[in-house]
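**Q** In my numbering, the protein residues as written are 7 to 221.
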Amino acid sequence: MNGKFIVLEGLEGAGKTSSVIQIVKVLNQHGIYDILMTHEPGGTPLAETLRQLIKDEKSNESITNHAEVLLLYAARVQLVEQVIKPALARGTWIIGDRHDLSSQAYQGGGRGVDAHFLKMLRTTILGTFHPNLTFYLDIPPAVGLKRIYTHSKLDRIELESIEFFERVRARYQELAVENKRIITIDASRSLKVVNNEIRSILTLWLHTKEGCSMS
Ligand code: T5A
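(1) At a cut-off of 6 Å, is residue 22 close to the ligand T5A when judged by its beta-carbon and the heavy atoms of the ligand?
(2) In terms of DSSP beta bridges, what is residue 16 paired with?
(3) Following the continuous alpha helix (DSSP H) through residue 122, name the residue where it begins and the one where it ends.
(4) Any idea what DSSP makes of residue 72, helix, strand or coil?
(5) Given this structure, state the Cα-to-Cα distance separating residue 208 from residue 67, to the nearest angstrom.
(6) Kindly indicate which residue of 40, 162, 34 and 78 has the alpha-carbon position closest to the one of residue 54.
(7) In terms of residue numbering, what span does the alpha helix (DSSP H) encompassing residue 42 cover?
(8) Please state whether DSSP places residue 106 in a helix, a strand or coil.
(9) In the DSSP assignment, what are the bridge partners of residue 101?
(10) Classify residue 50 as helix, strand or coil using the three-state DSSP reduction.
(11) Check whether the Cβ atoms of residue 185 and residue 117 lie closer than 7 Å to each other.
(12) Take residue 126 as the anchor and find which of 18, 37, 75 and 173 has the nearest alpha-carbon.
(13) Does the stretch 85-94 come into contact with the stretch 20-31, if we say contact requires no fewer than three beta-carbon pairs (one atom in each stretch) closer than 8 Å?
(14) For residue 23, write down the residues that DSSP places opposite it in a beta bridge.
(15) According to the neighbour-count rule (16 or more other Cβ atoms, all chains shown, within 10 Å of its Cβ), is residue 100 buried or exposed?
(16) Determine the contact status of residue 56 and residue 93, defining contact as a CB-CB distance below 7 Å.
(17) Please classify residue 17: is it buried, with 16 or more other beta-carbons within 10 angstroms of its beta-carbon, or exposed?
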């Protein structure tokens, strides 16, 4: 199993999607071309259907916090078991636009879902599976939301209050401090500066034991 799982996390407008191409460039420079991009929720037919349900801002039925968590984990387990693990086993590198940390931050921090319940779900569904490296793009919600207001139609979660996103950010920051596999990047700076930092850190990481494709 030489493939590695690198994840981008952060609030809306943090620049996750914009950063994927930088990661691809660095991997290519290191001779890694077998790369798969994933996004969550989504990435299998069932997970994409669940994504639409989760994001649907027009639904007449309000989704309870626990239902939302279960939908997200249903989508995640499909993606992990049917796409990510088989790809890693073939030696493919994966760049994930969001993964489990999003649930810890949005549902745990933002919605206030019980931490023990989330931990139990995570352990039961994912076991010891985790990304090899996560870039958490940290940004004040007002800055990130301003970036996306200009070009997108807002979905059910993006329509949440600024206080909701402040709680999400606070939980992201807490979790990033606790876990050495999560690297925090100040994403409020220009895209060029953010991209340079991601490229430098990734280049260094690829020369560590954890990042070496031969390990
Ligand atoms: N969710 C997801 C949960 O609640 N729990 C979970 O467990 C999971 C997995 C997913 C939604 O689901 C929630 C979180 C989300 O609300 P999504 O459609 O996948 O929704 O949305 P996001 O992942 O939030 O994607 P966004 O496109 O909103 O944000 P990105 O990818 O971080 O931002 P990006 O790169 O598209 O950039 C947005 C704009 O900002 C500009 C870009 O050019 C672009 O125009 N930009 C910058 N501008 C200036 N300076 C920079 N540094 C910039 N970086 C980007």
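Built from N, CA and C at the ideal position, the CB exists for glycine as well.
**A** With the given structure in hand:
(1) In the sequence shown, counting from the first residue as 1, residue 22 sits at position 16. Yes - the ligand T5A has a heavy atom lying nearer than 6 Å to the Cβ of residue 22.
(2) Residue numbering aside, residue 16 sits at position 10 when the sequence shown is read from its first letter. Answer is 143.
(3) Position 116 of the sequence shown, counting from 1, holds the residue named residue 122. First-last of the alpha helix (DSSP H) with residue 122: 121-132.
(4) Sequence index remark: in the sequence shown, residue 72 carries index 66 (1-based). Residue 72 falls in the helix class under three-state DSSP.
(5) Here residue 208 refers to the residue found at position 202 when the sequence shown is read from its first residue. Here residue 67 refers to the residue found at position 61 when the sequence shown is read from its first residue. Roughly 43 Å between the two C-alpha positions.
(6) Your numbering for residue 54 matches position 48 in the sequence shown. Closest by alpha carbon: 78.
(7) Here the question's residue 42 lines up with position 36 in the sequence shown. Element bounds for residue 42: not the alpha helix (DSSP H) but the beta strand (DSSP E), 41-45.
(8) Counted from its first residue, the sequence shown places residue 106 at position 100. Residue state, collapsed to three classes: helix.
(9) Here the question's residue 101 lines up with position 95 in the sequence shown. Paired residue(s): 12 and 43.
(10) Taking the first residue of the sequence shown as 1, we reach residue 50 at position 44. Coil at residue 50, not helix or strand.
(11) Taking the first residue of the sequence shown as 1, we reach residue 185 at position 179. Taking the first residue of the sequence shown as 1, we reach residue 117 at position 111. No.
(12) By 1-based counting over the sequence shown, the position of residue 126 is 120. Residue 75 is the option with its Cα nearest to residue 126.
(13) no
(14) For the purposes of this step, residue 23 is identified with residue 17 of the sequence shown, where counting begins at 1. According to DSSP, which records beta bridges pairwise, residue 23 is partnered with nothing at all.
(15) Residue 100 sits at position 94 when you count from the first residue of the sequence shown. Buried, since its Cβ has 16 or more Cβ neighbours within 10 Å.
(16) Here residue 56 corresponds to residue number 50 of the sequence shown, with the count starting at 1. Here residue 93 corresponds to residue number 87 of the sequence shown, with the count starting at 1. For residue 56 and residue 93, no; Cβs fall outside 7 Å.
(17) For the purposes of this step, residue 17 is taken as residue 11 along the sequence shown, with counting starting at 1. Residue 17 should be labelled buried.
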